[in-house]
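Chains as they are written, first to last, in UniProt numbering: chain D, 1 to 244; chain H, 1 to 244. We put the beta carbon where it would ideally sit given N, CA and C, even for glycine. Note that the structure is a prediction, hence the values are computed from the model and not measured.
Number of protein chains: 2
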Amino acid sequence: MGVTPIHAIAPEHATHHGTPRCSACSLRAICMPPELTADEFARLDALICTTRPIRRGEALYRTGDTFQSIYAVRAGSFKTVVMHRDGREHVTGFQIAGDPLGLDGICAGKQNCDAIALEDSVVCIIPFAQLEAICREMKPLQHHIYQLMSGEIVRESRQMLLLGTMTAEQRVATFLLNLSKRFKARGFSSAEFHLRMTREEIGCFLGMKLETVSRMFSKFQREQLVQANGKMVRIVDPEGLAQV
Amino acid sequence: MGVTPIHAIAPEHATHHGTPRCSACSLRAICMPPELTADEFARLDALICTTRPIRRGEALYRTGDTFQSIYAVRAGSFKTVVMHRDGREHVTGFQIAGDPLGLDGICAGKQNCDAIALEDSVVCIIPFAQLEAICREMKPLQHHIYQLMSGEIVRESRQMLLLGTMTAEQRVATFLLNLSKRFKARGFSSAEFHLRMTREEIGCFLGMKLETVSRMFSKFQREQLVQANGKMVRIVDPEGLAQV
DNA sequence: CGAGTCCTTGACCTCGATCAAGCGGTGTGG
DNA sequence: CCACACCGCTTGATCGAGGTCAAGGACTCG
């Protein structure tokens with residue numbers, strides 16, 4: 001069976017690979033500041049004039065690549081992986097449609113992690129130097145970029161809290177509820193979804209081994225909190241899950 | 001004995017509390033983009049016209065406070081603490097002279113953590129709305145702020161790697177080497193320094209209990225890697241520490 | 001249909017948490 | 001000025017959550 005992303009872009013946009021338009025994008029509300037004028041959208045459309053398809057398992061960028069653009073996930077999903085010189089790996093995040101990618105590269109002019117597609121995916125390419133130029137003239141967009149980056153900082157500090165203080169059980173519960181919330185924000189079911197990542201990748205994100213992740217799924221199943229069948233997950237009792 | 005910060009600002013600046021000047025600040029190289037003209041510095045000095053002293057144990061801001069400004073540590077040191085509704089706490093970072101504070105507040109317009117002074121300290125106050133305005137006109141400063149925020153993202157993802165994959169021993173070693181590097185970058189000794197935080201705060205930052213932190217200090221002492229006497233730390237064998 | 005991946009489950013072990021005791025330095029009140 | 005209380009730190013003994021190792025099952029893909 002081919003890989004068909006559940007969270008796909010609408011077909012009428014998918015055909016416009018050469019000329020995507022933010023002004024017409026279904027992810028506009030997630031990606032973009034709300035109060036842009038038609039004229040401002042036109043300038044954005046001129047900036048973000050290319051998309052790029054990435055096959056499952058391939059890298060959008062790798063650690064050390066020269067930083068030039070940031071990206072927005074248009075369809076599909078990614079993981080970002082940082083690596084220690086001794087080979088230790090850690091997944092720092094999973095990005096789905098509407099999420100930004102590449103913000104870590106601005107700092108040193110080189111990407112600081114690998115971004116790997118979890119399924120066949122498409123990203124919008126946003127040349128950063130040009131984005132900066134437009135931001136100097138478009139206050140709402142400028143502020144939006146600051147918010148985006150600050151949001152990433154907040155997300156990561158929450159993840160540190162999770163890694164630093166929670167039990168394996170609480171981490172997995174938090175992970176599922178977070179995914180659920182994000183799917184809901186994008187108009188998909190918050191109760192039932194398809195995990196695009198393996199147990200090992202989840203474990204690597206949550207700071208535990210894949211066996212432990214599996215055991216927690218089984219435990220939640222037994223306690224009637226979720227129904228998990230391989231990568232299909234159905235959240236039965238979100239409140240119960242939240243107070244694990 | 002009073003609390004005398006080792007890493008103090010030079011006396012001639014300490015007296016200028018009402019009118020700090022970036023152009024004359026010893027932390028300029030850490031805080032600011034390198035290539036500003038005199039004119040540009042003048043505009044910055046006009047923006048950052050106030051400092052604020054914070055006593056040991058007091059908060060610069062708390063979670064939920066309305067976000068208006070970002071800050072730069074001018075003297076002293078801070079910890080940032082996030083809290084889960086159930087009371088679980090986690091230290092997300094320690095900030096010393098030259099480090100930024102408050103970037104997490106841009107996202108939601110409210111601060112997302114508590115920033116607590118570890119000793120009597122002074123911060124520079126940078127009103128964010130005005131900073132944004134200046135950034136629209138000063139390209140190097142604009143880029144610097146993006147780099148600052150990206151740097152915070154990178155720092156946090158390194159901390160996630162630490163929390164997710166390292167043993168207690170490796171975490172403490174990494175922590176000491178990181179502090180050492182930062183002190184060195186500010187012109188202080190990289191070999192010997194005074195910890196301003198308690199074992200408990202270190203543990204809370206590294207995802208372990210204070211007893212474990214203490215045991216690791218003792219272990220490193222036995223192995224001749226560091227000499228630790230309460231809060232005074234001397235790094236004897238940085239290479240050895242690095243390959244723990 | 002067979003090989004490879006991914007997932008689940010069991011048995012055992014280890015690292016770090018927990019509990020507990022004691023020490024040294026500091027600040028405070030008599 | 002001393003006694004005492006408190007806080008932060010160290011160290012030992014014990015325990016348990018999660019890691020490790022191993023076996024087998026379910027799916028996918030060539």
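Query                                                                                                                                        : Result
Neighbourhood of residue 236 of chain D by C-beta, 7 Å cutoff - its chain only, sequence neighbours within 5 removed                         : 224, 225, 226 and 227
Cβ-Cβ separation, residue 244 of chain D to residue 206 of chain D (assumed contact under 8 Å), whole Å                                      : Actually they are not in contact, since the Cβ atoms of residue 206 of chain D and residue 244 of chain D sit about 14 Å apart, beyond 8 Å.
Positions along the UniProt domain "HTH crp-type" (166 to 239) of chain H whose CB lies within less than 7 Å of some CB in chain D           : 207
Cβ neighbour criterion (16 or more within 10 Å) applied to residue 242 of chain D                                                            : exposed
Buried or exposed (CB count within 10 angstroms, at least 16 for buried), residue 165 of chain D                                             : buried
Classification of residue 197 of chain D by the beta-carbon crowding that lies within 10 angstroms, buried from 16 upward                    : buried
Residue-level contact to chain H via CB, residue 92 of chain D, 9 Å cutoff                                                                   : yes
Neighbour list for residue 143 of chain D in chain H, Cβ cutoff strictly below 7 Å                                                           : 132
Enclosing beta strand (DSSP E) for residue 227 of chain H [first to last residue]                                                            : 226 to 229
Members of the region 55 to 72 of chain D near chain H, C-beta cut-off 7 Å                                                                   : none
Residue 89 of chain D (DSSP reduced to helix, strand or coil)                                                                                : strand
Residue 102 of chain H vs residue 148 of chain H beta-carbon contact at 9 Å                                                                  : no
Burial state of residue 142 of chain H (16 or more Cβ within 10 Å)                                                                           : buried
Span separating the alpha-carbon of residue 168 of chain D from that of residue 162 of chain D                                               : 9 Å
Counterpart residues of residue 25 of chain H in DSSP-defined beta bridges                                                                   : DSSP lists no partner for residue 25 of chain H.
Contacts of residue 151 of chain D in chain H (Cβ-Cβ under 7 Å)                                                                              : 107
Residues that residue 43 of chain D contacts on chain H, provided the C-beta gap is smaller than 8 Å                                         : What residue 43 of chain D touches in chain H: nothing, since even the nearest Cβ is about 15 Å away.
Three-state secondary structure (DSSP) of residue 206 of chain D                                                                             : helix
Chain-order list of residues whose beta-carbon lies under 8 Å from that of residue 214 of chain D (same chain, five-residue window excluded) : 199
Per-residue DSSP class, three states only, for residue 234 of chain D                                                                        : strand
Residue 113 of chain D vs residue 81 of chain D beta-carbon contact at 9 Å                                                                   : yes
Where residue 20 of chain H sits in the DSSP three-state scheme                                                                              : coil
Assigned exposure category for residue 121 of chain D - 16 Cβ within 10 Å defines buried                                                     : buried
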